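Below is one structure, written out as structure tokens, with a few remarks after it.
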Amino acid sequence: MTAYLNIQSSCVIRRQCVFKDGKKRFEIQLPDCPEFLSALYRELKTDYRKFFKMDRLSKLAFLASEVLLSGQTDRNLPRPDVAIILFNRSASLDADSVYQRSIMHPEDYYPSPSEFVYTLPNIMTGEIAIRHGIFGETACFISERFDPAELCRTVTAVFDDTVQECLCGWVEYFTGCEAMLFRIVKETEPSKLFTPENIRRLVTCAE
Amino acid sequence: MICITGNNIISSLGFTTGENYGKVQVGISGVRRYSGLYGIPEPFMAALIEDKAPDGANHPDEFCSPLEQTAILSIRRALQDVDVDPAHPRTLFVFSSTKGNVEYLATAPSGAAAVDNRLYLWHTAQRIAHHFSNPNIPVVVSNACISGAYAMLVAKRELEAGRYDSAVVVGADHLSKFIVSGFQSFKALSGGICKPFDALRDGLNLGEAAATVILQKKAKPCGGDTVLAAGAACNDANHISGPSRTGEGLYLALSRIMRGRNSSDIAFINAHGTATLYNDEMEAIALHRAGLDAIPVNGLKACLGHTLGAAGIVESIISATALQHGTILKTTGYSSQGTSYPLPVTTENIPTEKNGFIKMLSGFGGCNIALLFEKV
Chain A
153 MTAYLNIQSS
163 CVIRRQCVFK
173 DGKKRFEIQL
183 PDCPEFLSAL
193 YRELKTDYRK
203 FFKMDRLSKL
213 AFLASEVLLS
223 GQTDRNLPRP
233 DVAIILFNRS
243 ASLDADSVYQ
253 RSIMHPEDYY
263 PSPSEFVYTL
273 PNIMTGEIAI
283 RHGIFGETAC
293 FISERFDPAE
303 LCRTVTAVFD
313 DTVQECLCGW
323 VEYFTGCEAM
333 LFRIVKETEP
343 SKLFTPENIR
353 RLVTCAE
Chain B
2 MICITGNNII
12 SSLGFTTGEN
22 YGKVQVGISG
32 VRRYSGLYGI
42 PEPFMAALIE
52 DKAPDGANHP
62 DEFCSPLEQT
72 AILSIRRALQ
82 DVDVDPAHPR
92 TLFVFSSTKG
102 NVEYLATAPS
112 GAAAVDNRLY
122 LWHTAQRIAH
132 HFSNPNIPVV
142 VSNACISGAY
152 AMLVAKRELE
162 AGRYDSAVVV
172 GADHLSKFIV
182 SGFQSFKALS
192 GGICKPFDAL
202 RDGLNLGEAA
212 ATVILQKKAK
222 PCGGDTVLAA
232 GAACNDANHI
242 SGPSRTGEGL
252 YLALSRIMRG
262 RNSSDIAFIN
272 AHGTATLYND
282 EMEAIALHRA
292 GLDAIPVNGL
302 KACLGHTLGA
312 AGIVESIISA
322 TALQHGTILK
332 TTGYSSQGTS
342 YPLPVTTENI
352 PTEKNGFIKM
362 LSGFGGCNIA
372 LLFEKV
């Protein structure tokens with residue numbers, strides 16, 4: 153049987169706006185990114201205390217995944233057949249800068265384990281995996297800029313016979329606050345195919 | 002088939018694979034005690050590349066950072082004996098690192114870090130690929146401690162998809178105040194040379210390395226090639242920094258690579274073996290659950306330290322070299338059973354006639370990977 157990779161849904165968070173499947177869902181007029189993330193958490197009526205421990209990159213990735221998956225999945229059902237593949241530009245430089253401040257000055261030297269743990273970009277994939285019981289492949293790639301062709305190539309290669317679904321996209325928090333997340337599912341019929349053109353269209357209609 | 006045709010390791014133990022293998026084989030450790038280094042108040046044990054530019058190896062590119070230079074040197078040496086043109090459009094570069102040039106954050110003026118390109122991993126990868134005049138955009142993997150092994154899996158898929166004929170996969174991490182202080186804050190560092198899987202293990206040693214494998218797609222491998230036969234990565238979905246109590250992700254990854262295969266062909270399992278209490282325990286649980294707990298297990302970190310984003314590549318190369326020699330290496334630092342599920346951890350170098358080995362690693366973010374290699 154031929155299998156098709158379809159874009160089941162998308163979420164774009166950009167310039168204080170949240171788009172789902174190309175349509176604007178929320179607009180929160182807060183130019184300060186951390187405040188925006190907290191306001192979006194409240195707006196989504198999320199109840200997840202671990203959110204408040206996360207660094208800003210993980211918060212952004214987590215909220216984008218909530219927009220896509222909240223109410224859509226049974227979180228008690230383990231999902232070894234779901235993968236999470238994320239890209240960004242700055243890795244964890246935002247969390248790195250926070251941690252760096254704690255070790256800069258000999259007279260004020262307090263390296264914090266709870267800050268250090270976020271100095272890896274793939275922690276955001278772990279946070280989403282924990283929230284949704286995702287046991288499949290999780291990975292973080294670093295690129296100078298978002299490239300839909302690179303996304304499609306890399307994620308398509310992840311889909312072997314153990315993978316049914318992949319949450320993938322771009323989550324950047326340092327040179328901006330921007331998330332573009334896609335839920336890609338393997339189906340027997342083609343619908344909105346997972347192609348660079350379709351990804352580009354979903355991303356540009358949110359501009 | 003995807004074959005490792007060339008390789009190199011630069012580490013605390015030397016600048017060639019041969020030097021590294023020779024020392025690991027007899028249990029020489031590159032781990033030393035450092036006091037006052039990087040301005041860190043507490044002394045620490047680590048396996049550093051002390052002389053980063055020995056004779057004949059100095060400054061391959063003066064515009065590059067020390068990390069980039071070590072990576073370039075490693076690639077050059079890995080390319081020496083193989084027929085691969087690094088400048089060819091059908092050659093892909095894959096770069097793996099956890100922290101790249103993070104030490105420059107300390108000197109970046111406040112607020113200017115965003116414009117210091119040296120801090121970006123994609124920039125480091127481009128520097129390295131440009132040095133070899135490679136025309137493609139390099140792939141950059143940053144997936145905690147499994148990065149190096151995951152970079153090989155990514156390269157394997159790119160080659161299998163037919164987009165490239167060869168891949169240069171390089172992993173590199175240097176130590177700095179940033180990294181050492183972070184692991185100290187976790188109380189994860191041992192005060193002595195680490196003891197993987199041992200009853201008295203009390204933490205890890207960090208290490209520095211740059212390591213390269215040249216992967217090529219071949220219809221028929223030659224003698225001496227090592228084939229990357231299978232790989233799988235899975236998450237624990239449990240905790241961002243603590244190893245899973247059930248070893249779920251690692252168990253799943255092991256099950257996936259062994260599907261349809263016979264474990265009697267596996268000579269040994271080269272574990273992550275960081276020598277922290279919980280990592281080694283988790284690995285024992287995962288191996289037990291996967292029914293692989295009768296296969297000899299070894300760990301190399303008492304010799305090389307935990308080389309972070311390079312570890313998967315460094316330890317795969319040492320293990321592949323051992324397998325080519327028909328040897329299962331001993332686990333330096335190990336003397337007595339220290340996990341609740343017993344494992345046959347090696348204490349001596351043992352001859353073997355089997356043809357396969359498994360490399361496994363786990364990392365922060367709950368990620369785990371298992372790779373299966375076979376010799377030809």
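Protein chains in written order, with the working numbering: chain A, 153 to 359; chain B, 2 to 377.
Every residue gets a Cβ at the ideal spot worked out from N, C-alpha and C, and that includes glycine.
Quantities reported herein were computed from a predicted structural model and do not represent experimental measurements.
Item, Value
"For G183/B, which of helix, strand or coil comes out of DSSP?", "helix"
"Can you list, in chain order, the residues of its chain whose CB lies under 7 Å from that of D233/A, leaving out five sequence neighbours each side?", "G288, T314, V315, Q316 and E317"
"So what's R362/A in DSSP terms, helix, strand or just coil?", "Here chain A covers residues 153 to 359 and nothing more, so residue 362/A does not appear."
"Alpha carbon to alpha carbon, how far is C185/A from E296/A?", "21 Å"
"State the Cα-Cα distance for the pair V170/A and A213/A, rounded to the nearest angstrom.", "13 Å"
"Beta-carbon separation of A287/B and L251/B under 8 Å?", "yes"
"Quick check on this structure: which residue in Y335/B, K221/B and A238/B has the alpha carbon closest to the alpha carbon of L344/B?", "Y335/B"
"Tell me whether the region 174 to 181 of chain B and the region 326 to 342 of chain A touch, counting them as touching only if at least three CB pairs, one residue from each stretch, are closer than 8 Å.", "no"
"Cα-Cα, which of D203/B, M259/B and T353/B is closest to M1/B?", "With chain B running from 2 to 377 in the structure shown, residue 1/B is simply not present."
"Going by Cα to Cα distance, which pick from R201/A, D173/A and A216/A is closest to L192/A?", "A216/A"
"Given that S161/A touches chain B, what residues does it touch there, using C-beta distances under 9 Å?", "Correct list: empty, because the minimum Cβ distance to chain B is about 21 Å."
"Below 7 Å on C-beta distance, what does Q252/A contact in chain B?", "L106, A107 and F179"
"Is the separation between the beta-carbon of A276/B and that of K196/B shorter than 8 Å?", "yes"
"Applying the criterion that 16 or more other CB atoms from any shown protein chain within 10 Å of the CB defines a buried residue, is K100/B buried or exposed?", "buried"
"For I3/B, which option in T227/B, A130/B, G37/B and A72/B has the closest C-alpha, if you only look at C-alpha atoms?", "T227/B"
"Between the Cα of S222/A and those of K175/A, C163/A, P183/A and L189/A, spot the shortest distance and give me the residue it belongs to.", "C163/A"
"How would you call M206/A, buried or exposed, if buried means at least 16 neighbouring beta carbons within 10 angstroms?", "buried"
"Are T198/A and H284/A closer than 8 Å when you measure CB to CB?", "no"
"Let me know the secondary structure DSSP gives F298/A once reduced to three states.", "coil"
"If you draw a straight line from the alpha carbon of I280/A to that of V27/B, how long is it in whole angstroms?", "44 Å"
"Taking the C-alpha atoms as reference points, what is the distance between N9/B and C320/A?", "33 Å"
"Tell whether a beta-carbon distance below 8 Å holds between A254/B and I282/A.", "no"
"My guess is that W322/A and F239/A are in contact by the Cβ rule of under 8 Å, so how many angstroms apart are they, rounded?", "5 Å"
"Would you mind telling me which residues of chain A sit closer than 8 Å to Q378/B, beta carbon to beta carbon, in chain order?", "In the structure as shown, chain B begins at 2 and stops at 377. Residue 378/B is therefore absent and cannot be evaluated."
"Counting contacts by CB-CB distance shorter than 8 Å, is G204/B in contact with chain E?", "The structure shown contains no chain E; its protein chains are A and B."
"List, in order along the chain, the chain B residues whose C-beta lies closer than 8 Å to that of A289/A?", "Here the sequence assigns Glu to residue 289/A, which means Ala is not the residue at that position. In chain order: A233, A234, C235 and N236."
"Mind checking A145/B: buried by the 16 CB within 10 Å criterion, or exposed?", "buried"
"Any beta carbon from chain B within less than 8 Å of M153/A's own beta carbon?", "no"
"So which residues on chain A does L122/B lean against when the C-beta distance must stay under 7 Å?", "A243 and I294"
"Which residues, in chain order, does the region 23 to 55 of chain B contribute to contact with chain A at a C-beta distance below 9 Å?", "G40, I41 and P42"
"List, in chain order, every chain A residue whose beta-carbon is nearer than 7 Å to that of I249/B.", "The amino acid occupying residue 249/B in the given sequence is Glu; Ile does not appear at that position. The contacting residues are F287."
"Output yes if chain B places a C-beta closer than 8 Å to the C-beta of N274/A; else output no.", "yes"
"At a Cβ cut of 7 Å, what residues of the region 146 to 157 of chain B count as close to chain A, listed as they run along the chain?", "Y151"
"Measuring alpha carbon to alpha carbon, tell me which residue in I318/B, E354/B, D199/B and E282/B is nearest D266/B.", "E354/B"
"State the DSSP-derived secondary structure class of I180/A, mapped to helix, strand or coil.", "coil"
"V170/A versus chain B: which residues are under 8 Å apart at the beta carbon?", "What V170/A touches in chain B: nothing, since even the nearest Cβ is about 24 Å away."
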